[in-house]
Amino acid sequence: MLLTKVEFKVSCLLPSLLILKTKLKCSCILNSNPLPACYDMQLVVLLISRHNVAPDVEKVKEFQMVCGEFFKDHPYGVVGVHCTHGFNRTGFLIVSYLIDVECWDLEAAVATFSVARPPGIYKEHYLHELAGRYADGDIGSIITPPLPDWCDDVEREKEKSAQFAVPLHGVELVLGPTREEVQIACQEALDWEESGFPGSQPVSMDVQNIRFLNEKPYRVSWKADGTRYMLYIKGKGQIYLIDRDNSVFNSPNITFLSRKREGEHLRDCVADSELVLDKVDGAVRPRLLIYDIMMFEGSKDVARCDHQRRMLCIDRELIMPREEAAKRGIIDKIREPFSVRAKQFWDVSESRMILEKYAPTLTHENDGLIYNPTNEPYKPGQCKDLLIWKPPKVNFHLNIITEKKFGMLEEKKAQLLVGSERCEKIFSYLDLQVNKDAKKHSKKIIECSFVNNKWKFLRVRTDKGFPDSIETAKSICIDSVNEDKLLEVCEKHRRGIDKGRANKHALEEPNGSMLPPSKARRHASTST
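Sequence positions in the sequence shown follow the numbering used here and run 1 to 528.
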């Protein structure tokens, strides 16, 4: 897919074939495919986190910034846009560019891309995501085109190559009619009428929606850096895990016994979960944390209950019967591929405790907080009330200089540069006494978090070729919610509200065995 700025044109073929056919000099390739691609020209890689998921706002802005910087230096240049097949992710990025930069409307942009690269964006959820961002959800006259002739074969090969989060003995990929049956069963359980993964999707917290924490009760938990799976307990030996790509896996050796029917297995349950990798005594132990439930034994009523009651259902009906069966020797957890726990939630006034005391003791990676509305039913798809908070981060170009002042010793300063029009501009500085690890990374792209009105060095971004734009950096400072602001809202306005409905205290849970192990307790027990 090729973009030219002068008399803006959209042309499509595979990049290499188009270059040969038109003899255009393509100076830059933007690759959104996680697999390597080789071109004899400038290559910029935009890593789209998951297949079959539309590029997020940050990636779209990064794409537009890279194109803008390139066209300023090469007004007659050509940019090639590359992904696996050049339809959905490529189309999403280009349509967004046409709307945001060239001021096109949604229908015209989608239609132009479809003509240039027939049949255009053919995955319905990509088109709905575009409509949600640019047309208040109104898809207008846009019609999802039929799949290309080759698509079924490619998708079938992709299904066969799907992999579980980590290779585990006893977890197998499901294909064929069973796969489709499981997908449909989960979609019907959630009354999801669209295609694809039906699970609830959170939105990022910002200075506008943080007010929700003051307007209604919320419960909070840590954001685990794990892999999300929808858990479908169909029956004994049929324990299905569906990832966000809608790939299906079966773990037949996991057992969920009924609390009410002695010796019988649960059936027709659908829950939300995430697989985390806990590092305990030098070993990696996979654990499935269940954090919501949408159907229990064929009944959808549980999805309409408040969140605390749904968590109570998980604890009493899914977790505790397993614990009792393990004590009686009915279940041998050692033979199961992963352990199963209920994730813990607290009143929002415990946010500081989670960040400062609890999260650091977890034995798996975590990077923020997630806020679940207490009294709302489960909502499939994007849920504007389900908030996710992560520390504000920006990618800068680090430039360490030596500053000389008359009568004073030389001083090293770490400039943080951002993209701005034709050049890079100084946006801020790092305190090198605090950010000692940054000294060796001059001239590289680094990721920094914004904490207490200061920038903290986090890591080098080897996957980035350009810093974030000045607009992105400003929005992080102005629109994002830093830790201090978050905790102020949680503690000032929420303390005591919902206390009777939330857990008593972070470390005083009614069933401590449900908690993931903490570093402080890692030698205390080896049970799973």
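We put the CB at the ideal spot given by N, CA and C, even for glycine.
On a predicted model such as this, the values are computed, not experimentally measured, just so you know.
query: N- and C-terminal bounds of the beta strand (DSSP E) containing Q201; result: 200-204
query: Assigned exposure category for N452 - 16 Cβ within 10 Å defines buried; result: exposed
query: Ordered list of alpha helix (DSSP H) runs contained in the stretch 415-467, each at least 4 residues; result: none
query: Helix, strand or coil at N395 [DSSP, three-state]; result: strand
query: Three-state class that DSSP yields for L147 in the structure shown; result: coil
query: Counterpart residues of F249 in DSSP-defined beta bridges; result: L173, L241
query: Environment of R219 [buried if 16+ CB atoms lie within 10 Å]; result: buried
query: Beta-carbon proximity of D529 to K343, cut-off 8 Å; result: For residue 529 there is no data in the structure shown, the boundaries of the chain being 1 and 528.
query: Cβ pair count under 8 Å reaching 3, the stretch 354-363 against the stretch 399-412; result: no
query: Other residues of its chain near V57: CB distance less than 8 Å, five sequence neighbours each side excluded; result: R133
query: CB of V171 within 8 Å of CB of F249, strictly; result: yes
query: Per-residue burial, V207 [other beta carbons within 10 Å of its own, 16 or more giving buried]; result: exposed
query: Length of the line joining the Cα atoms of Y371 and E336; result: 31 Å
query: Backbone CA spacing between P118 and A162 [nearest angstrom]; result: 27 Å
query: Contact the stretch 318-334 vs the stretch 298-308: 3+ CB pairs below 8 Å; result: no
query: Alpha carbon of A438 to alpha carbon of V276, nearest angstrom; result: 30 Å
query: Cβ shell of F197 (< 6 Å), same chain only, five flanking positions each side left out; result: R244, N246
query: Candidates C67, L147, D292: closest to V79 by CA position; result: C67
query: C269 - partner residues in DSSP beta bridges; result: I233
query: A135 and F92 closer than 8 Å at C-beta; result: no
query: Beta strand (DSSP E) segment containing A342, residue limits; result: 339-342
query: Endpoints, alpha helix (DSSP H) assigned at D73; result: 57-73
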